[in-house]
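One structure is given here, and the rest of the page talks about it.
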Amino acid sequence: MRSDKEKHYRDESGNRSVREEALEIIYEINQKGAFANLTLDKSLQRSSLPLQERNLITELVNGTIRMQKHLDWVLALFLQKPLDKQNHWFLNILRMSAYQLLFMENIPPYACINEAVDLTRKKVNSSMAKVANGVLRNLMRQKDKLEYPPKHEPAYLAVYYAHPDWIVEYYLEEYGWDKTELILEYNNRRPALEFRCNKLKTTPEGLVRILAEEGVDSHISPFVPWSVIINSLPGPITSLKAYQQGLFYVQNQASALAVPMLDPQPGEKIIDLCAGVGGKTTHLAEEMNNEGSVLAFDLYPKKLTILAQNAARLGITIITSQAADATQITYGEGEADRVLLDVPCSGLGVLNRRSDARWHKHQEDLPALLDIQRALLDQAARMVKKDGLILYSTCSTLKQENQWQIGAFLERHRDFRLQPLIDRLHFLPLRDEERKTAAEGMLLLTPGLYGTDGMFYALLRRLAG
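Our numbering puts the sequence shown at residues 447 to 911.
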């Protein structure tokens, strides 16, 4: 049998089929440690395939990677050798094919199996192609009788919904069985595409009309009034005139809540300590009517370059940026009217956003993140004026990163108090539980509860005295 590296097939024209293109990407992710979103984007950018076939590649890659633990459990039922002893190409072909058979009802089983056999013959050998045929036909026949771990055990949730054991155990301890199952199910949904309307240039109603003229089916979110939910697109987002004219920014609804909670005013000086590519930074400027100043920090210059491009597209001119470790800044004490602090975190609230994210999360990484968050909070406290505000946010559901982190901050900084959020969220159809905590100054949105990603917010005011 030839090695995985030796079997890199292309047909005589140099083209690959849709499934082979998806397989190549899956191989890069699983065998070479590539990030799913970056590898997929790179492949699609150089592809001339029609939109429908590009969408199929995206679904095959993201679905196979996201559900890999489930797929591996099922495949192990039909294979004699352990999975870690299988040829890598062969195993990834089976994973991708099992995903189609189990989760893609619109794919004819015979088409899936036939191409799996062809791919195995090309990537491995004819002998293994026969094995692939047998395994997948058996799976097709028995897919309604598959045996999983007992339904009352955490292992069932971890396997069936394809999550690391430690994440499932955390959810169970925090939320109980029923809510955990809802969160896991949400994490496996295809992420929604949502646009934040740029109020400097249009209204949500106007954006929906303009998008419709370009063949985009959309509607205003019933949860966040300045968010527009996209039902279907005729092509890449960047090809839309509305995008090129800066009428919107791609942002999840839960993230789009941050800036209105901080409520920046025109003419103020705002600091964004962890700006990234500027999703929340540009929203600050929009809410300020592009009047005042926003100082954006990030550790990575490349992110700030993208931020500048985003700001230019959106028609924003009040943002200045600096590449720096925000925990090490020594100037600017007491200068900011408000500080936005969207800290690095575990990301357990947004596992649906990237198909491979759950497989890159490790419990042992948490202490270092907590230290960074603590240092950033202390820096924000130093930089904000008396009577000024800090909005702390994470895309995590872990208490250690959220409620406990804020509690520890208030112990260290007796000149700060939580500030009620409820008046700033009057438009949200919150349950009594969230309404109560928002009145106290904190809001946790668990994944899927309101059809949004998971986010945590805390609003802190520095006392004037």
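Beta carbons are placed, not taken as given, at the ideal position from N, Cα and C, and that holds for glycine.
Remember, it's a predicted structure, so these values are computed and weren't measured experimentally.
The residue from 746, 795, 748, 643 with its alpha-carbon nearest to that of residue 729 is 643.
Annotation: residue 815 to residue 479 spans about 22 Å, alpha carbon to alpha carbon. In this structure, the beta-carbon distance from residue 795 to residue 899 falls below 7 Å. Check the Cα spacing between residue 695 and each of 846, 886, 645: the tightest is with 645. Burial state of residue 710 is buried, judged by a 10 Å Cβ sphere holding 16 or more other Cβ atoms. Residue burial annotation: residue 650 is buried, with at least 16 other C-beta atoms found within 10 angstroms of its C-beta.
Collapsing the DSSP output to three states places residue 478 in a helix. Residue 911 carries a coil assignment under DSSP once its states are collapsed to helix, strand and coil. Here residue 488 is exposed, its C-beta having fewer than 16 other C-beta atoms within 10 Å. Proximity of the stretch 776-793 to the stretch 585-602 falls short of the contact definition, fewer than three beta-carbon pairs being nearer than 8 Å. Counting along the chain, no beta strand (DSSP E) covers residue 558; the unbroken alpha helix (DSSP H) around it starts and ends at 555-569. Following the DSSP letters along the chain, one finds residue 840 inside the beta strand (DSSP E) bounded by residues 830-840. Between residue 809 and residue 612, the C-beta spacing is below 7 Å. According to the DSSP assignment, residue 888 belongs to the beta strand (DSSP E) that extends over 888-891.
Around the beta-carbon of residue 484, fewer than 16 other beta-carbon atoms lie within 10 Å, marking it exposed.
For residue 715, the secondary structure class from DSSP, reduced to helix, strand or coil, is strand.
Here residue 878 carries a helix assignment [DSSP, helix/strand/coil].
Under the 10 Å beta carbon count, residue 512 is surrounded by 16 or more other beta carbons and is classified as buried.
If you ignore the 5 residues before and after residue 661, its C-beta comes within less than 7 Å of the C-beta of 680, all in its own chain and listed in chain order.
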